[in-house]
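Sequential numbering of the sequence shown, starting at 1, is according to the UniProt record's numbering. Since the structure comes first, as structure tokens, the remarks are kept for the end.
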Amino acid sequence: MEIDDLNLRNPVQVGYYDPFNVYPLIKDELQSKLPLTNLHWKYNISKPLKSIPLLPVTFVEEVPKHTSVKENDKMYSRIMFIKYENLDTYRAQVRPLIKEWLKQLVSDSEVEWAIILLMGSSSKDKSSTIIKTSIFDKLKIDFGIDGKELQTLPVDSGVKERCFKLREVYEDDMTKLESYNELINHMKDFLVSSFNNKYVSFNQMIYNHQATDFKAFILKLKLADLLNDMRLLNDSLSIYNELSNDLNKLYYANPSKFETEITHIPSDLNGYQFEQSFSSISIKNSLNKEKINLFELKSLIFVNQSSLLQLLANYANSISLSSISISSIYQKLLYFLNDLSNIFGDKLNEWIFVVIDNYLKLPICNKIMNDNMKSSDGEQYYQLSEILEFKGELKLAQRSKLAKVANSHGYAINGINEILEEISLNDDTSSKNTSELSYKPLLEILSNENTYYKHFEKLTELIIHDFVNSGRTKTIDILSIDLALLNYQIGNYQESLNILQDSYEFFINNSWNFMGGILLEIYLNCTEKLDQSDYSLISLTCLRLFSNLVNPKNGKYGINNYKLIKPKVKIARLFEKIEEFSGKLNESIEFPLEKIFKVDIKPFIQSDESTYADKYFIQINLTNYYGIEFSFKEIKLMLENSEGVTSFNIENVMISNNVDNTLKLYSNNFKFGSFNPSNITVKINNNLCFTKRYSSENGTENDDTIIQYNNETILKDSFLNDSESRDIVVAHNKWTSDMFFYQSLSKFSCEFCTPIDIDLESTEIILRIKNGHNNVEDVKIDIISNTNGLKINKELLKDRLKIMTLSSKESIDIKIPYSYYRDNKIISLKANISYSSNGENFSHFIIDQVDTTLTISVSVQDIFKSQYIFSKFQVGTSNPKLPIRILSNDLTTKNENYSIISPKHSPRPITFGDQPASYFYKIIPKSDYSIKSLDSLDLRVEYSDLKNECYDIIQSFLLHRLQDLQLRKYWFLIKSLLFKDISFDLNNYAVNSEVRIINNREIELLIEKALLKHIEETEDKKKLIELFKHVLFDNEFKFEVMPNFENKQLIISVPIPVLNILQIIEFEFERKPQYLVGEPILMNLKIESITKWSNNKVKAGSEDEIEILAESSPSKPEKPSVQKENFQLSIQTDDNWLISGFRKESFQIDYVANENKSNFEVVLIPLTVGRLLLPKINVRTLDNLENDFSMDINFKNGLETLLVVPDVNSITFSF
């Protein structure tokens, strides 16, 4: 449709009745106000206001008739033009005509109406001053708001004014303008009001019908036209889109209600205009027929959709918005034409060709394209890419119809029709449609074969040009095939080769296997003819062709498979050709393995029990769909985790012609941990290998070449799963536990553990190595710290890390000294061991965690006496949740100057929480011996951890049962994954010697998941699950044979306790059975100062000799001694006693003297009755008040009580 016709198409109709020939007098003025602008409509308070910027209006003359106009009323307003000079004329002629007009045209319609009076130049509002009513007033009285004549008619005036007047002559232009503007404003209001009435009516009728009812469809069609008329374009388009879908549903639900005859298509299509050829009124009138023409109705809906989108494109205020509407037109056109083709087959080929021609020349589209080319904004051209894409699609559809028409006339391009065209299953391919053509451009194209080929090539190039500009690169590859086949057909092989350079890949990648293979074979033939010496290109082309023979994922193929035309002999020759040309290469070629073979990796790493050698293997399934035998130089699988890579391989591999081939890949290098496949390589010769690489970021979750299980992974780095291990340098989180590489009991193995004899003066860890069946030699060990801050003493390890030989089943412990000063006691170490056996080299790598936390705690308290010392050792657990069993506790010394009296051996106690076991020792030095600073005692505590005992019991039982079941090879898997998660009822074990697992349900779930994931054999899984159920849930289950526990021994060097001064204080007095209240008691306070427990004769309280009371610690270096020291004794205030005399006394001791004794007299008077404790005594140094703690006080009778009674012969008063 031309752009000038777009805005004014389908104007809103306003009916007018003009019995007095008034309209010609005012026509020009009214037409000058049209089209109407800026109308506004609001259907509901909750709905937004809709604006109608432009509304074309046309006036249509009507004459009152005795027919109903409501059903197909096209009018949106009705106006009656009248003219009279006096009231007599009005009453006699005008009023009867108005009433008849209202009866016949207005009363039965939903539209608004108005009466316009044209007053002549000589007319006045009043004919005389006597008559008060003017000729216009009389009109309003009869037909205005609540007009009296309206009472007798089926017409409701409502609250709107419907009577208006115009004049033939106005006093000035401004008055005239105002008068006509007022009328136009009322006309807008009438049109919007009429539209609203119709809108409400249609919606109500649609609501009363079911959605699948054809009457509802017709009503929706009328509603869409209503919105279209009022230029509510988006609303109308939305309903037309619904109608398009509804029509398809109605047709397929009840096709008998439709006729499929093709109408409205002229025999001569030259100058044919599709949109103008469909009369909306005639088609809608046919909707009342018994059968509805499907072609007409589909065409009508599309034409209205197209018109609305063209209007939206024209009204849009930017090129980008316009392009969206145009793109939508082309998209709907493609759907429309495709729909018709599916229904009518090839009957419409020529017509579709012409219709596409019409729309490719769409004026509004050309205008937008031209405006865009003039724009300086570079981004807007990109926004038109969608238009170009759809234009390319339309040309492609046009080319498809051209090819079908040409084929019916005997013209064909080999391969085009068979590959790129859609073939209906209902088509009768034996007969050709040879109907006469009328469209001259089409006749010119098909005048001969050459013109057809040239036009086909030109049209294809135009399509490619559009797709290039729209970014459809893959479609360009497909279209270029047409040009390649055309050139191949005429013998231009070089041009065909240039086009086919990459195009065949598109077909193969999109599962068009047969065509991809044919094109690739043509490409290979062209390559060989042009250059036989390009070995690399020929090899790669042969490989691509070979990979196109089968689907390596499932081997399935149907009629669309290139292998159908290739027997096994030719397949074998093709592979021989690959080997031949790749062998001549100067460089290596790596080709994707997944394009040749399907290789499934079984996620189980197993020890090779068929040999005593320390070998492990992985099984792979190689699927051979080619039906021929293969010989490979090597197959190698690389596994990786955060610690690095390890490999499994097999050399000189023969693959049978069977579909399934199971192979074992071996490795001499053990590497503990969880692994993912990194890559697998099939080596054909030195220059060619097939490789598949696996993503390390996502593991193998989405890879179908690794056999997986749906069970959730339970290996959460069990050997590194402690939340406190924040100092351990690992990054296992990114690896999924697909393959767990664990040790075997029958092979070389090792582990880190804490030493049995624990010496607090050194920090060591044990590397325990257990050899397998074979003798090994030249063992080299490398210990690596995996914990931040931990340093290994390499100097002390030099001689320990090289072992010449290890005999069969030999076990050795290597002490690893280290230094570590952080609070975290969980450390991680790595061991990398290399060795040789029977002429083969092997390696063994582990990474392990060790908890170096001591489960035992020891504290000591010393009590000094004049001739000996009591030492109380309390031995308990450092963790209240982990009780320990104390097997022995011995305090010894190599110093002959001391004798130790030990307690009798008691039963082996078990210590819980805050209940340590106490051991008392009496330490007696020789009478003439002076204590030295280096004197020390040796404390040896032998103990066992109850939790480890439970572990050992479980371990002993499981190993015994696994031996019976011949499943010992799974021991390290069970130990690595499960042992650190088991929780025991240690209290029950301590009391009843019965091992009971608390979290048995959790362990059962972990076991099942672990076994399902890491064990291949179904029978083995069942046996192990049954075994663990017996261990986990049999509460009465006891272990009769207890294993020999590996007990720990703690060795502590305890310094001899020292004290500068021991003050022995005693009250001496006359003992009586009882004392009277208030009776003075004479006391002699005796003090004996002993200095023998000091390791040097230094001044008490000096700065360098600060000692904590009863602290067992080495003495400090001797300082210059002081011979005398002054002290002060004070009796503390006590409410029970009254002290007579001095409360404080000073005395002096001489460090050189053999004895230091002092005596003081004091009188104590009891104040209360009962058994009274003697007052407390305090002693402190006067020379250094800060160091009283270097002295201890032994108050001999500090707890002695005196019985005080009242005097019965005296009178006491209480105040």
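Don't be surprised by glycine CBs; every beta carbon is placed ideally from N, CA and C.
*Whole-angstrom Cβ separation of T662 and N621, contact assumed at under 8 Å?*
The Cβ separation is near 6 Å, so the contact holds.
*Taking only the alpha-carbon atoms, compute the straight-line gap between L269 and F202 and give it to the nearest angstrom.*
38 Å
*asked:* Going by beta-carbon coordinates alone, are I766 and D813 separated by less than 8 Å?
replied: Closer than 8 Å, so yes.
*Where K391 and I589 are concerned, what is the direct C-alpha to C-alpha distance, given to the nearest angstrom?*
43 Å
*Cα separation between E594 and S976?*
Rounded to whole angstroms, E594 to S976 spans 34 Å at the Cα level.
*asked:* Which same chain residues end up closer than 6 Å to Y180 when comparing Cβ atoms and leaving out the 5 residues on each side of it in sequence?
replied: E29
*Within the segment 871-904, note down every full beta strand (DSSP E) run reaching 3 residues or more, in order along the chain.*
884-892, 898-901
_Quick check on DSSP: helix, strand or coil for G517?_
helix
*asked:* For a test of the three-state rule: what should DSSP assign to P909, helix, strand or coil?
replied: P909: coil per DSSP, three-state reduction.
*Taking 8 Å as the cut-off, decide whether the C-beta atoms of N771 and L806 are in contact.*
yes
_Validate contact between the segment 42-51 and the segment 97-116 using beta carbons, cut 8 Å, 3 pairs_ = no
*Could you tell me which of P592, I218, V1152, I901 sits nearest to R693, measuring between CA atoms?*
P592
*So is R573 buried or exposed if we call it buried at 16+ other beta carbons inside 10 Å?*
Exposed: under 16 other Cβ atoms inside 10 Å.
*Is F864 near K922, with beta carbons less than 8 Å apart?*
no
*Just list the alpha helix (DSSP H) runs in the segment 215-261, keeping only unbroken ones of 4 residues or longer that don't cross its boundaries, in chain order.*
Listed in chain order, they are 233-253.
*For R822, which residues does DSSP report across the bridge?*
DSSP, once it has assigned bridges, lists no residue as partnering R822.
*Kindly list the residues whose CB is nearer than 8 Å to the CB of R961, restricted to its own chain and excluding five residues on each side of it in sequence; keep chain order.*
L1027
*asked:* If distances are taken between C-alpha atoms only, which option among H465, V192, N469, Y523 comes closest to L485?
replied: Residue Y523 is the option with its Cα nearest to L485.
*Taking only the alpha-carbon atoms, compute the straight-line gap between V995 and W971 and give it to the nearest angstrom.*
20 Å
*Does the Cβ-Cβ distance between residue 1216 and L1129 come in under 8 Å?*
A query on residue 1216 cannot be resolved here, the shown segment of the chain reaching from 1 to 1215 and no further.
*With distances taken from CA atoms, which of D172, Q966, N185 is nearest L36?*
N185
*Starting from F740, trace the beta strand (DSSP E) both ways and give me its first and last residue.*
739-741
*DSSP three-state call for N197: helix, strand or coil?*
helix
*Any idea if C689 is buried or exposed, counting beta-carbon neighbours within 10 angstroms, 16 or more meaning buried?*
buried
*Residue(s) in a DSSP beta bridge with E178*: DSSP lists no partner for E178.
*asked:* What does the alpha-carbon distance come out to for the pair D738 and D935?
replied: Distance between the alpha carbons of D738 and D935: 60 Å.
*Taking C-alpha atoms, which residue in F1033, N992, E1017 lies nearest to L1005?*
F1033
*Beta-carbon separation of K257 and K291 under 8 Å?*
yes
*asked:* Please list the terminal residues of the continuous alpha helix (DSSP H) segment that includes N21.
replied: That residue, N21, is in no alpha helix (DSSP H); it is neither H nor E in DSSP.
*Taking all protein chains shown into account, decide if E949 is buried (16 or more other Cβ within 10 angstroms of its Cβ) or exposed.*
So E949 counts as buried.
*Please go through the same chain and pick out, in chain order, the residues whose beta-carbon is closer than 8 Å to the beta-carbon of L958, but skip the five residues on each side of it.*
Counting only residues of its own chain and dropping the five nearest sequence neighbours on each side, L958 has a CB closer than 8 Å to the CB of W971, I974, L1027, V1031.
*Per DSSP, the bridge partner or partners of P677*: L639
*asked:* For the alpha helix (DSSP H) containing F1045, name the first residue and the last one.
replied: For F1045, there is no enclosing alpha helix (DSSP H), as DSSP marks it with neither H nor E.
*asked:* What ranges does the beta strand (DSSP E) occupy inside the UniProt domain "DUF7077" (746-850), keeping only unbroken runs of at least 3 residues that lie completely in it?
replied: 749-753, 757-759, 764-770, 776-785, 802-806, 811-819, 826-837
*asked:* Taking the alpha helix (DSSP H) that R1171 belongs to, which residues open and close that run?
replied: It is not in any alpha helix (DSSP H) - R1171 instead sits in the beta strand (DSSP E) that spans 1170-1173.
*asked:* Would I1085 and F1160 be called neighbours here (beta carbons separated by less than 8 Å)?
replied: The sequence given here places Leu at residue 1085; Ile does not occur at that position. Taking 8 Å as the Cβ cut-off, L1085 and F1160 qualify as a contacting pair.
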